[in-house]
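Participant:
There are 4 protein chains.
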Amino acid sequence: MIKVGIVGGTGYTGVELLRILAVHPDAEVSCITSRSEAGLAVAEMYPNLRGHYDLAFSEPDVAKLAACDLVFFATPHGVAMRMMPELMAAGVRVVDLSADFRLKDLDVWAQWYGMPHESPEWAEKAVYGLPEVAREAIRGAQLVANPGCYPTAVQLGFLPLLESDLVDSTRLIADAKSGASGAGRQGKIGMLHGEIGESFKAYGASGHRHLPEIRQGLQQASKLPVGVTFVPHLIPMIRGIEATLYAELTNAGDFERLQRVFENRFRNEPFVDVMPFGSHPETRSVRGANTCRMALHRQENSNIVIVSSVIDNLVKGAAGQAVQNMNIMFDLPETRGLEAPALLP
Amino acid sequence: MIKVGIVGGTGYTGVELLRILAVHPDAEVSCITSRSEAGLAVAEMYPNLRGHYDLAFSEPDVAKLAACDLVFFATPHGVAMRMMPELMAAGVRVVDLSADFRLKDLDVWAQWYGMPHESPEWAEKAVYGLPEVAREAIRGAQLVANPGCYPTAVQLGFLPLLESDLVDSTRLIADAKSGASGAGRQGKIGMLHGEIGESFKAYGASGHRHLPEIRQGLQQASKLPVGVTFVPHLIPMIRGIEATLYAELTNAGDFERLQRVFENRFRNEPFVDVMPFGSHPETRSVRGANTCRMALHRQENSNIVIVSSVIDNLVKGAAGQAVQNMNIMFDLPETRGLEAPALLP
Amino acid sequence: MIKVGIVGGTGYTGVELLRILAVHPDAEVSCITSRSEAGLAVAEMYPNLRGHYDLAFSEPDVAKLAACDLVFFATPHGVAMRMMPELMAAGVRVVDLSADFRLKDLDVWAQWYGMPHESPEWAEKAVYGLPEVAREAIRGAQLVANPGCYPTAVQLGFLPLLESDLVDSTRLIADAKSGASGAGRQGKIGMLHGEIGESFKAYGASGHRHLPEIRQGLQQASKLPVGVTFVPHLIPMIRGIEATLYAELTNAGDFERLQRVFENRFRNEPFVDVMPFGSHPETRSVRGANTCRMALHRQENSNIVIVSSVIDNLVKGAAGQAVQNMNIMFDLPETRGLEAPALLP
Amino acid sequence: MIKVGIVGGTGYTGVELLRILAVHPDAEVSCITSRSEAGLAVAEMYPNLRGHYDLAFSEPDVAKLAACDLVFFATPHGVAMRMMPELMAAGVRVVDLSADFRLKDLDVWAQWYGMPHESPEWAEKAVYGLPEVAREAIRGAQLVANPGCYPTAVQLGFLPLLESDLVDSTRLIADAKSGASGAGRQGKIGMLHGEIGESFKAYGASGHRHLPEIRQGLQQASKLPVGVTFVPHLIPMIRGIEATLYAELTNAGDFERLQRVFENRFRNEPFVDVMPFGSHPETRSVRGANTCRMALHRQENSNIVIVSSVIDNLVKGAAGQAVQNMNIMFDLPETRGLEAPALLP
């Protein structure tokens, strides 16, 4: 039984970890911290957990966390990097769901997150936890940087194209859309139901923090330099990301084998589902599930490949992928605790 | 391993049964019928089931169903009653999620469902499957009539009051609200997103089919004659029922012990959760879960008891309760396959 | 041309006043105040007003307001009562959309609003601005207390019953539901889209500030003592209130003439629409319009009258009714500026 | 007073025409036809119109339509083209909101709409009614083909770039998203609230009927050959389209003057609003209004121009633009009847 600690469990990522771990047969949450809510029962904040947890939020305490086998960070950026050296020294393994250890170039990190990075040593050692790319490194890692939600949906959709060198890597476009839970659980006017219900908009169109993370991941998969444009949008719903990806095939004749390339790439991946050519994945088909579902399209005789890729931003885009990483790190079957189908309708 | 058949699995109740049974360790769906979709893979109709089922819809076939240990009917009313005599004769056990066997007074049934009842023998023998009331009868039943969604939420909330004879049983009011999935998956203009999104209304306010079912259940719990007014409403969301119940305490002094009465009534019920006095249950706290969550309220010195009761109409109001009944019928732990917390947010 | 001032225009009630007044041929907004947003163009906060207003928010300034013909207060409670004596002395007329002057019993006011009332003189003189009840008093009033949203929907539906002494006035039940805009535009976690989307719940079930206002209004219409239970609920949508009202007919025979009683009561009311008996008013049918639409129901031989009453909480429940009151106060046609049909779908 | 006829008024476009015309001071609807609903009062089908129209749907009747000054077609494709020769011969003027007369290449039309075109003469004479491009031709036209919803949002956003020859016209990408009302008011399972609520997906990604219309319009604006990829998506809301457009600047230095190019292009357009560089237009900011609102973005040093363009698909994307066209055709001020601000929130 893996003894799990969660730092910063009051947000949507935190409650999602608790939801998934509640039925995980090999893991048990032994402590969950929140500075602001210390003393409050988690089931009082999240009534769906009534009857599932007796646990209360506690003050962050390195000693207590150090006694865990695995600690998840579900904190805003800037928190994990400060606690990491001490925890690493204590030998704990960590999956950090925040952005602190996702970027290798710390100048870029500092520029996008507005503060200098305080743990360069662990930024270098951290393994970027996209299992479809780095499964073996994850297995041996002490610190896994869990990918962002958009980067997960976008990278998985572009990877087969870049790895096989099929497209013009300098002209990638990712038009992505997310439900409101991606913005977290903070009292911002802009995220009120009255503000975002029955409306749709782009945001961060001039530059979003997930852009450098996407670029880093795509560059790693590509022999040639990558140029990518990424525009996120806000959907008036709670869970789900859809990313429509556009890339220009170098050789239009490659369209014929494209479906096979994708299917082969993900044949052994338990959480990536390539639908038949011309399908339209719906975000609801992955609601609550750790699946990335995608499909390919071509318009008339165009040489533009269109990929539509969907995930649940809180699951494959956050807590589910974190548990998948935990399973890998502890040599459990990768799907353990993540078997249930999505909630549809 | 219980061999399960499903008749009429193309609706929301059908896909919900499939979702729940996909991870039930002691049951396996061996056939699912649909006249209109015979031949279609269930995962093609419901992409959330891709990778979970190889099954395709087949033509209804009594012989094949008779080879099952348990058959769920997820059909419109009028179907189950016609097939029941033959299936019962074959010795199969059945949980009928349709309305065919819920009412004992077949004149009332005929009046509300617009056709004569064709299986009076089994209407009499059928056990009304509200486990919190009829657990022992369910255990031995060959045919269980799975309760309607509104009747589940309304009965559970009123039961402690009527069983303890605390209220004026002639003045019960149930103001209930449901998400759109309760209307099923049929191409009706009135259920389009464009028609019901961003809007709210009562419907069936002059009389709804669940009224006689509610009245029958409440009358059974009450020594005195029951008079109940029931108004359903349509919420612009997919899953969830909230019922606000109003009853007049015979003795206002009883307010002090009311919370205890409710807690005692449901102390051993795995799927009924009485929250602290004055709480407000949210439908999302039971989304995807088999729980009925409720709380009590009093306004100033009023002698009106207010009960707010929530369920997921597709789970405790349909497929989840059906699986709970199956667990009881097959002497499994009642919570088997129904342990996962609700999906929140 | 009526010179209009608006105090506290950054909330939903403020933007709604601006939207309506933008096309009102006889009124012009000459100043709008907001302490927090002084200097900001209103069209920058509310992009739907781009091209309609050049105005910017300014610091509250009694002299400037005193130069207006009419001032609307769209402030949280506690603000208007402090500024009122000075404004009244200056001879300005005011429609207060806040709760400050709605209750006549200031002890009750203090109890529900958590502070002593600071302008008892004007609380006494203020006219409660429900035009269907107090049209003549409104015409001559210097200070009009614009009714709350729930109280508007609930009172209009109960009035014909109480005024005609047809029901047991001690057993009134109002089960009301509102969209999220009723909670205003403040950064509360509980009003995030992620918290209230796809969910439904009661709130304030043990007592809500609109209860005493409803009781006061109903009592005024009734010869006999009034007892009313009022439970509000939160609908996952933005605009709209539906109130389902339950009352016990003293004489069940009166059901036959009930529809006529309602139609006669509102025959000359431009903003109350009584639908045919047995109809189901939808909130979308009044979205953006100043209409209260209602219908009557009876279940079988019950003596319970059911009234379903809908309004747009921001229009007939706030800004629209305020403009209706302005029209009355300035002897304009009552419908001026309020003629457009609701936005459906 | 313009005497208006509407053919096929039972859909969302029809009710929207009625809503707008209800307050148009210079037009009056004198007949509205519907084969299926003949005899039904329009206010019975659309309760928001109660009190605004006495009109009932009538059988289509050319003589009656010929007596109108202007006829709007709000029919599925294939209807208008059959009635057009007779109506044109009668001298009536027509604004056709269907797709029948939008494409000049009738082979392309036949390919996308699955039937041969039956009125080639009028297909040639019809004026494509995008006022920002063809105002003068519209003024004198007898038959105006009202643009599709997506084509309106997409063309307006691309026009300044193509007209000024600033971008690579062969690499245009339009990622567009629409609310559900765009699919019309028909009882399709795929448009149920239960199917599309809380979900997001692309559709028609391999080819959508609006693609050739978009291509035709863009080609007309461009000296060089146009290549455009267009992917529509379904948003879980009712009204609104957002199109995010991507184009590659030929000369990255042109970014500096881009905002000015857009502002100049639309300076005199009453219904196009160019927001400050870097803004994010929301669909709610145009809900119910005839405005197209757009903004420009650039990511770091990229040479990709990003345009986000929003409209209300039922207004500027259909009925509002049709009334704008009517105003032009009858020499009225172009904004007549279209002055009200959008409904926000």
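Chains as they are written, first to last, in the UniProt record's numbering: chain S, 1 to 345; chain L, 1 to 345; chain Z, 1 to 345; chain F, 1 to 345.
The beta-carbon is built from N, C-alpha and C at its ideal position, and this holds for glycine as well.
1) For Val228(S), which option in Pro60(F), Val305(F), Arg93(F) and Ala322(F) has the closest C-alpha, if you only look at C-alpha atoms?
2) First and last residue of the beta strand (DSSP E) that includes Pro232(Z)?
3) Identify which residue in Phe271(S), Arg82(S), Gly207(S) and Asn290(S) has its Cα closest to the Cα of Ser279(F).
4) Taking 9 angstroms as the CB-CB cut-off, is Glu282(S) touching chain Z?
5) Please name the residue, chosen from Ser58(F), Leu162(F), His210(F) and Leu166(F), that lies closest to Gly182(F) on a Cα-to-Cα basis.
6) Taking Ser309(L) as the query, report the chain S residues whose CB atoms sit under 9 angstroms from its CB, ordered along the chain.
7) Return no unless some Cβ of chain S is closer than 9 angstroms to the Cβ of Ser206(F).
8) Whole angstroms is fine: what's the gap from Tyr46(F)'s alpha carbon to Lys64(L)'s?
9) Taking 9 angstroms as the CB-CB cut-off, is Arg239(L) touching chain S?
10) Would you kindly check if the distance between the Cβ of Ala126(L) and the Cβ of Val144(L) is under 9 angstroms?
11) Under 8 angstroms by Cβ, that's how I've got Arg298(S) and Gly240(S) pegged, so tell me the actual separation to the nearest angstrom.
12) Please state whether DSSP places Cys292(Z) in a helix, a strand or coil.
13) Check the Cβ of Ser302(Z) against every Cβ in chain L and list those closer than 7 angstroms, keeping chain order.
14) What are the start and end residues of each continuous alpha helix (DSSP H) run of 4 or more residues lying completely inside the stretch 191 to 258 of chain L, in chain order?
15) Can you pull the chain L residues whose beta carbon is under 7 angstroms from the beta carbon of Arg298(Z), in chain order?
16) Alpha carbon to alpha carbon, what distance is there between Asp105(S) and Arg215(S)?
17) Counting only beta-carbon atoms, is Arg50(S) nearer than 9 angstroms to chain Z?
18) What does the alpha-carbon distance come out to for the pair Leu55(Z) and Asn268(F)?
19) Only counting runs of 4 or more residues, tell me where the alpha helix (DSSP H) segments fall wholly within the stretch 31 to 109 of chain S, in order along the chain.
20) To which residues of the same chain is Ala262(Z) closer than 6 angstroms at the C-beta, ignoring the five residues directly before and after it?
21) Below 9 angstroms between beta carbons: does that hold for Met81(Z) and Glu124(Z)?
22) Using a Cβ-Cβ cutoff of 9 angstroms, what residues of the stretch 239 to 268 of chain L are near chain Z? List them in chain order.
23) Since Val307(F) and Gly157(F) should fall inside the 8 angstroms C-beta cutoff, what is the C-beta to C-beta distance between them, to a whole number of angstroms?
24) Compute the Euclidean distance between the alpha carbons of Cys68(F) and Leu18(F), then round it to the nearest angstrom.
25) Measure the CB-CB distance between Glu242(Z) and Ser199(Z) and report whether it falls below 9 angstroms.
26) When you compare the CB positions of Arg185(L) and Leu192(F), do they come within less than 9 angstroms of one another, or not?
27) Using the Cβ count rule (16 or more neighbours within 10 Å means buried), how would you classify Asp165(L)?
28) On the three-state DSSP scale, how would you describe residue 349(F)?
29) Note down the Cα distance separating Thr170(L) from Ala340(F), rounded to an integer number of angstroms.
30) With respect to the beta strand (DSSP E) encompassing Val305(Z), which residues constitute its N-terminal and C-terminal limits?
31) Which stretch, first to last residue, makes up the alpha helix (DSSP H) that contains Ala134(S)?
32) Is the Cβ-Cβ distance between His233(F) and Lys177(S) less than 9 angstroms?
33) Taking the CB atoms as reference points, tell me whether Val148(Z) and Ile138(Z) lie closer together than 9 angstroms.
34) Hey, out of Pro151(S), Ser30(S), Pro345(S) and Thr75(S), whose CA is closest to Ala66(S)'s CA?
35) How big is the Cα-Cα spacing for Tyr150(F) and Asn327(F)?
36) Name, in chain order, the residues that DSSP records as bridge partners for Ala174(L).
Facilitator: For this structure:
1) Val305(F)
2) Val228 to Leu234
3) Gly207(S)
4) no
5) His210(F)
6) The premise fails here: Ser309(L) is roughly 14 angstroms from chain S at the closest Cβ pair, so nothing lies under 9 angstroms.
7) yes
8) 49 angstroms
9) yes
10) yes
11) Contact doesn't hold; Cβ gap of about 25 angstroms is too wide.
12) strand
13) Thr229
14) 193 to 196 and 210 to 221
15) Ser206
16) 12 angstroms
17) no
18) 22 angstroms
19) 42 to 45, 62 to 66 and 80 to 89
20) With the sequence shown as reference, residue 262(Z) is identified as Phe, and Ala is not the correct amino acid for it. So the list reads Pro160 and Val274, once near-sequence residues are dropped.
21) no
22) Arg239, Gly240, Ile241, Glu242, Thr244, Tyr246 and Glu248
23) 4 angstroms
24) 16 angstroms
25) no
26) yes
27) exposed
28) Beyond the ends of chain F as shown, which are 1 and 345, falls residue 349(F); an answer cannot be given.
29) 52 angstroms
30) Ile304 to Ile311
31) Pro131 to Gly140
32) yes
33) Residue identity differs from the one stated: residue 148(Z) is Gly in this sequence, not Val. No. Outside cutoff.
34) Ser30(S)
35) 22 angstroms
36) Phe230(L) and Leu245(L)
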